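Notes to accompany the following structure.
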Amino acid sequence: MAIRIRFTEGRPTVALCAAETDPDPNDLYLDDAEHYALAAKFAQDWQGQTVNWNYAEEWAEMEKHKKRDAKAELDKWLGSQA
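Numbering-wise, the sequence shown is residues 1319 to 1400 according to the working numbering.
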């Protein structure tokens, strides 16, 4: 899934689903392959270690930028392909 890295003032930098958000001129856009590469690197770096999956502050900031639902966007796109 393509993502946007958004640098927010006074807030944490966040990664946003590109399908759920509108672009901002300062976003760093990562396509599917780039996002996949980062996920693979994360998995390698943290392999065998305990990861704290609690990012409440970041998740709250991500939610503020969400404009659409990714599943609804996918369903809409799939319907247009039929």
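For each residue, glycine too, the CB sits at the ideal point set by N, CA and C. Bear in mind that the values here come from a model prediction, so they are computed numbers and not experimental data.
From the options, residue whose alpha carbon lies closest to that of residue i
i, options, result
"LEU1346", "LEU1392, THR1368, ALA1320, GLN1362", "ALA1320"
"PRO1377", "HIS1353, GLN1399, ALA1333", "Here residue 1377 turns out to be Trp, not Pro, going by the sequence shown. Among HIS1353, GLN1399, ALA1333, the Cα nearest to that of TRP1377 belongs to ALA1333."
"ASP1349", "ARG1322, GLY1366, ASN1370, HIS1383", "ARG1322"
"THR1339", "GLY1366, GLU1381, ALA1357, GLN1362", "GLU1381"
Inter-residue Cα distance where the pair is residue i and residue j
i, j, result
"THR1331", "THR1368", "23 Å"
"GLU1327", "LYS1389", "29 Å"
"ARG1329", "TYR1373", "13 Å"
"ARG1386", "LEU1392", "11 Å"
"PHE1325", "ALA1400", "38 Å"
"GLN1351", "CYS1335", "The displayed chain sequence assigns Ala, not Gln, to residue 1351. So the alpha carbons of these two residues sit roughly 14 Å apart."
"PRO1341", "HIS1383", "10 Å"
"TYR1354", "PRO1343", "23 Å"
Residue i, DSSP secondary structure in three states
i, result
"TYR1347", "strand"
"ALA1390", "helix"
6 Å Cβ shell around residue i - same chain, five flanking residues per side excluded
i, result
"ALA1337", "ALA1388, GLU1391"
"TRP1364", "none"
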